[in-house]
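For reference, the structure discussed in these notes is given below.
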Amino acid sequence: APRPRQPTVVVFPGDLRTDLTNKQLAEEYLYRYGYTQVAELSDDKQSLSRALRVLQKRLSLPETGELDSTTLAAMRAPRCGVPDVGR
Amino acid sequence: FQTFEGDLKWHHQNLTYWIQNYSEDLPRNVIDDAFARAFAVWSAVTPLTFTRVYGVEADIIIQFGVREHGDGYPFDGKDGLLAHAFPPGQGIQGDAHFDDEELWSLGKGVVVPTFFGNADGAPCHFPFTFEGRNYSACTTDGRSDGQLWCSTTADYDTDRRFGFCPSERLYTEHGNSDGKPCVFPFTFEGRSYSACTTDGRSDGYRWCATTANYDQDKLYGFCPTRVDTTVTGGNSAGELCVFPFVFLGQEYSTCTRDGRTDGRLWCATTSNFDSDKKWGFCPDQGYSLFLVAAHEFGHALGLDHTSVPEALMYPMYSYTEKPPLHEDDVKGIQHLYGGPRPKPEPRPPTTTPETQPTAPPTVCATVRPSEGPTAGPTGPPSPGPTNAPTAGPTGAPTAGPTDSPTRAPTAGPSVAPTESLDPADNVCNVDIFDAIAEIGNYLHLFKDGRYWRFSEAQGRLVQGPFLIRDKWPALPSKLDSVFEEPQSKKIFFFSGRQVWVYTGATVLGPRRLDKLGFGPEVAQVTGALPRGGGKVLLFSRQNFWRFDAKSQMVDPKSASRVDRTFPGVPTNMHDVFLYRDKAYFCQDRYYWRMNLQNGINQVEEVNYVTYDLLQCP
Numbered sequence: 004a005p006r007p008r009q010p011t012v013v014v015f016p017g018d019l020r021t022d023l024t025n026k027q028l029a030e031e032y033l034y035r036y037g038y039t040q041v042a043e044l045s046d047d048k049q050s051l052s053r054a055l056r057v058l059q060k061r062l063s064l065p066e067t068g069e070l071d072s073t074t075l076a077a078m079r080a081p082r083c084g085v086p087d088v089g090r
Numbered sequence: 004f005q006t007f008e009g010d011l012k013w014h015h016q017n018l019t020y021w022i023q024n025y026s027e028d029l030p031r032n033v034i035d036d037a038f039a040r041a042f043a044v045w046s047a048v049t050p051l052t053f054t055r056v057y058g059v060e061a062d063i064i065i066q067f068g069v070r071e072h073g074d075g076y077p078f079d080g081k082d083g084l085l086a087h088a089f090p091p092g093q094g095i096q097g098d099a100h101f102d103d104e105e106l107w108s109l110g111k112g113v114v115v116p117t118f119f120g121n122a123d124g125a126p127c128h129f130p131f132t133f134e135g136r137n138y139s140a141c142t143t144d145g146r147s148d149g150q151l152w153c154s155t156t157a158d159y160d161t162d163r164r165f166g167f168c169p170s171e172r173l174y175t176e177h178g179n180s181d182g183k184p185c186v187f188p189f190t191f192e193g194r195s196y197s198a199c200t201t202d203g204r205s206d207g208y209r210w211c212a213t214t215a216n217y218d219q220d221k222l223y224g225f226c227p228t229r230v231d232t233t234v235t236g237g238n239s240a241g242e243l244c245v246f247p248f249v250f251l252g253q254e255y256s257t258c259t260r261d262g263r264t265d266g267r268l269w270c271a272t273t274s275n276f277d278s279d280k281k282w283g284f285c286p287d288q289g290y291s292l293f294l295v296a297a298h299e300f301g302h303a304l305g306l307d308h309t310s311v312p313e314a315l316m317y318p319m320y321s322y323t324e325k326p327p328l329h330e331d332d333v334k335g336i337q338h339l340y341g342g343p344r345p346k347p348e349p350r351p352p353t354t355t356p357e358t359q360p361t362a363p364p365t366v367c368a369t370v371r372p373s374e375g376p377t378a379g380p381t382g383p384p385s386p387g388p389t390n391a392p393t394a395g396p397t398g399a400p401t402a403g404p405t406d407s408p409t410r411a412p413t414a415g416p417s418v419a420p421t422e423s424l425d426p427a428d429n430v431c432n433v434d435i436f437d438a439i440a441e442i443g444n445y446l447h448l449f450k451d452g453r454y455w456r457f458s459e460a461q462g463r464l465v466q467g468p469f470l471i472r473d474k475w476p477a478l479p480s481k482l483d484s485v486f487e488e489p490q491s492k493k494i495f496f497f498s499g500r501q502v503w504v505y506t507g508a509t510v511l512g513p514r515r516l517d518k519l520g521f522g523p524e525v526a527q528v529t530g531a532l533p534r535g536g537g538k539v540l541l542f543s544r545q546n547f548w549r550f551d552a553k554s555q556m557v558d559p560k561s562a563s564r565v566d567r568t569f570p571g572v573p574t575n576m577h578d579v580f581l582y583r584d585k586a587y588f589c590q591d592r593y594y595w596r597m598n599l600q601n602g603i604n605q606v607e608e609v610n611y612v613t614y615d616l617l618q619c620p
């Protein structure tokens with residue numbers, strides 16, 4: 004029987020979003036929607052976890068403080084641009 | 004629910020909104036309706052009312068934009084951030100912006116209106132089956148004339164319901180060809196084109212010639228948007244898929260997910276992705292403009308995001324066909340504005356007033372009036388005149404296709420969705436007016452026995468057409484010029500070598516121009532500029548005279564040349580009038596506006612009478 008063809012994945016020019024790592028995506032999202040201030044996030048896990056917890060509570064997601072798949076899916080979902088926190 | 008800090012809210016209940024521009028994704032009437040329904044979601048549970056107006060004075064200004072669109076909060080391309088809005092207040096506060104790199108729909112795929120056929124203009128149904136094959140876009144399959152068509156039900160083979168899709172082979176929009184379809188190939192700057200092009204334009208609008216030679220005939224039109232094959236995102240947003248296209252050496256004649264891991268459909272916008280690398284995402288279900296608008300209008304009324312996932316004010320988009328308001332939303336909005344007003348008792352219909360204009364007073368306003376400066380064609384492709392406009396589309400194309408996908412269809416345009424008003428009533432269809440004058444704070448525009456009027460105080464809502472003879476029975480239908488003398492309120496009407504003077508309902512005339520002191524060489528009065536104190540400048544082509552409204556005589560010695568006193572205006576004007584203290588000199592479809600206040604007679608603006616004075620689309 005013929006072997007299934009391995010799908011070839013290409014990088015499409017101008018398709019920026021695929022370049023972000025999950026952590027970069029999270030940092031950008033948390034800043035854009037008011038959960039963190041500019042440069043507030045530092046490398047220590049605590050601050051990211053704290054910010055994630057605020058987001059998870061705000062969006063009624065399981066409050067794990069982790070960048071889990073549910074939280075990542077929420078971050079990738081289409082949404083309104085008005086920040087969730089702050090003015 | 005949450006409100007904004009300090010319970011920001013509107014302090015009046017009769018709110019107004021202005022749709023400043025349009026996305027090309029949906030027919031305009033569908034966009035108008037989606038916004039109206041989105042406002043109705045909130046007016047149903049509050050005392051608020053929402054009235055559509057056409058100007059920046061609106062409380063809520065609605066705009067489509069991409070990336071950075073002027074408010075410092077840039078959009079982010081397709082998906083992700085869909086729209087945003089500002090809390091109640093002045094200026095940008097209360098406004099709602101929509102990302103035009105999204106595909107706006109009603110949540111269930113592209114909305115493609117159809118013309119002719121036998122489906123009463125119903126939109127296409129995608130996907131549909133034809134001869135057992137599945138189609139998710141309009142097709143020419145089954146036809147020999149190359150016309151694009153679609154089924155308006157899921158199964159053409161059984162239901163046989165179809166219509167023709169917007170296509171440059173069926174009609175063109177705007178331009179100067181009265182909606183005639185494109186002619187392919189056509190020649191432009193010596194090159195041959197067999198498809199629409201944006202060449203020669205900087206605004207990215209696709210256009211074509213409606214004869215074989217644009218260089219010679221200068222006849223053109225804009226190609227209708229083909230939302231079913233227009234790509235979003237990628238690096239060719241707004242362009243069309245090209246089928247077939249080559250990808251990794253293989254030929255594709257439909258959109259594909261190959262090459263991607265996210266499962267999204269894409270296509271190439273040239274015939275060879277491998278060499279050109281031009282691509283974009285194929286239309287998907289899109290986002291419901293109604294649902295997103297209802298959410299954004301919640302912000303514009305003072306609601307912030309909620310944590311209730313099922314509520315309309317939850318930040319994430321999710322499609323639903325149910326009424327979108329959740330009790331959390333109702334509690335929130337009623338916390339700000341209270342509940343709805345008690346419904347008035349039903350009353351018998353009132354009889355309409357006697358003197359009704361022959362068309363509803365907002366004729367211009369309901370025909371795509373708000374394509375403001377940020378959208379809309381800007382004229383023919385260079386090197387032609389860069390600003391030659393036309394009066395806009397004139398309705399359904401006249402020649403329809405003549406056969407059906409497999410056999411002859413019904414001849415059109417039996418069922419085309421056409422505008423309900425007589426085009427002749429549409430002030431936007433008038434190329435050149437006989438006379439224009441400010442009478443009692445209304446700018447009156449006269450043409451062939453009828454006139455329209457509007458006033459700034461009423462937001463430039465055009466009223467009319469009215470019949471001249473109903474108000475000024477002694478007048479002929481053809482006028483050369485009109486002016487109202489500000490002190491006496493007398494209105495002077497000129498036609499040929501005759502003049503009529505109305506004081507209220509009483510009329511003096513017709514009298515011959517020589518009664519006013521004009522010589523026999525003056526064949527007509529083409530304009531008037533009241534200068535106060537009963538002094539008026541009366542124009543006849545290249546010359547003008549000083550006229551004393553009290554003695555109703557011109558000073559023969561005051562004859563002067565126009566170009567010497569008003570440099571920069573054309574000499575063969577067909578009308579001159581004063582409007583809000585500015586002098587307007589009209590030639591063809593244009594006006595030259597001059598500010599006479601500062602004593603320096605300098606042209607400060609040159610524009611179109613219909614587009615800029617009347618704000619036609």
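Protein chains in written order, with the numbering used here: chain A, 4 to 90; chain B, 4 to 620. Glycine residues also receive a C-beta, built at the ideal position from the N, C-alpha and C atoms. Just so we're clear, the structure is a prediction, and the values are computed from it rather than from any experiment.
What are the residues that DSSP puts in a beta bridge with residue i?
i: M597 of chain B; result: B:A586 and B:V606
i: C258 of chain B; result: DSSP lists no partner for C258 of chain B.
i: P658 of chain B; result: Since the displayed chain B opens at 4 and closes at 620, residue 658 of chain B lies outside it and no answer follows.
i: D181 of chain B; result: Note: D181 of chain B sits in no beta bridge, so no partner.
i: C211 of chain B; result: B:G224
i: I442 of chain B; result: B:Y445
i: A198 of chain B; result: Paired residues: none, contrary to the question.
i: T6 of chain B; result: B:L306
How would you call residue i, buried or exposed, if buried means at least 16 neighbouring beta carbons within 10 angstroms?
i: K627 of chain B; result: Examination of residue 627 of chain B is not possible in this model, given that chain B is present from 4 through 620 alone.
i: P169 of chain B; result: buried
i: K26 of chain A; result: exposed
i: V12 of chain A; result: exposed
i: G178 of chain B; result: buried
i: Y196 of chain B; result: buried
i: G283 of chain B; result: buried
i: T393 of chain B; result: With a pLDDT of 32 at T393 of chain B, under the threshold of 50, the predicted position of this residue should be treated as unreliable, though the coordinate-derived value follows. So T393 of chain B counts as buried.
i: Q66 of chain B; result: buried
i: E104 of chain B; result: buried
i: Y322 of chain B; result: exposed
i: Q490 of chain B; result: exposed
i: R260 of chain B; result: exposed
Could you give the first and the last residue of the continuous beta strand (DSSP E) run that contains residue i?
i: D102 of chain B; result: A99 to D102
i: V510 of chain B; result: T509 to R515
i: F496 of chain B; result: I494 to S498
i: E487 of chain B; result: S484 to E487
i: F521 of chain B; result: Element bounds for F521 of chain B: n/a, residue is neither H nor E.
i: P84 of chain B; result: It should be pointed out that residue 84 of chain B corresponds to Leu in this sequence rather than to Pro. Note, L84 of chain B: beta strand (DSSP E), L84 to A88.
i: A271 of chain B; result: W269 to A271
i: N546 of chain B; result: N546 to D551
i: T235 of chain B; result: Neither: T235 of chain B is in no beta strand (DSSP E) and is coded neither H nor E.
Considering residue i, what are the terminal residues of the alpha helix (DSSP H) in which it resides?
i: G335 of chain B; result: E330 to Y340
i: A297 of chain B; result: L292 to L304
i: V249 of chain B; result: Here V249 of chain B belongs to no alpha helix (DSSP H); instead the beta strand (DSSP E) covers F248 to F250.
i: T506 of chain B; result: Looking at the DSSP string, T506 of chain B is not in any alpha helix (DSSP H); the run it does join, the beta strand (DSSP E), is Q501 to T506.
i: V76 of chain A; result: Checking the sequence shown, residue 76 of chain A turns out to be Ala, not Val. From DSSP, the alpha helix (DSSP H) with A76 of chain A extends over S72 to R79.
i: R56 of chain A; result: K48 to R61
i: F276 of chain B; result: F276 to D279
#### Entry: Cβ-based contacts, 8 Å cut-off: residues of the segment 59 to 79 of chain B near chain A
For the segment 59 to 79 of chain B, residues whose beta-carbon sits nearer than 8 Å to a beta-carbon of chain A comprise Y76 and F78.
### Task
Would you list, in chain order, the members of the segment 292 to 315 of chain B that have their beta-carbon closer than 8 Å to a beta-carbon of chain A?
So the close ones are V295, H298, E299, H302, D307, H308, S310, V311 and P312.
### Message
So within the segment 100 to 178 of chain B, which uninterrupted beta strand (DSSP E) runs reach at least 3 residues, ignoring any that extend past its ends?
### Response
DSSP assignment within the segment 100 to 178 of chain B yields the following whole beta strand (DSSP E) runs of 3 residues or more, N-terminal first: 131 to 133, 136 to 138, 152 to 154 and 165 to 167.
### Task
Pick out the complete alpha helix (DSSP H) segments inside the segment 13 to 79 of chain B, 4 residues or longer, and give them in chain order.
31 to 46, all fully within the segment 13 to 79 of chain B.
### Task
Output the residue ranges of the beta strand (DSSP E) runs that lie fully inside the segment 451 to 479 of chain B and measure 3 residues or longer, sorted by chain position.
Taking 3 residues as the shortest admissible run, the segment 451 to 479 of chain B contains the following complete beta strand (DSSP E) segments, listed from N- to C-terminal end: 453 to 457 and 466 to 470.
### Query
When you check each C-beta in the segment 266 to 295 of chain B against every C-beta of chain A, which residues fall closer than 7 Å?
Correct list: K280, W282 and Y290.
### Query
What residues in the segment 77 to 98 of chain B have a beta carbon less than 7 Å from any beta carbon of chain A?
Residues of the segment 77 to 98 of chain B with a C-beta less than 7 Å from any C-beta of chain A: D82, G83, L84, L85, A86, H87 and A88, listed in chain order.
### Message
To be precise: take each residue of the segment 54 to 75 of chain A, compare its Cβ to all Cβ atoms of chain B, and keep it if any distance is under 8 Å. Which residues remain?
### Response
The residues in question are K60, R61, L62 and S63.
### Where the segment 224 to 258 of chain B meets chain A: residues whose CB sits under 7 Å from a CB there
Residues of the segment 224 to 258 of chain B that bring their beta carbon within less than 7 Å of a beta carbon in chain A comprise G237, N238 and L251, in sequence order.
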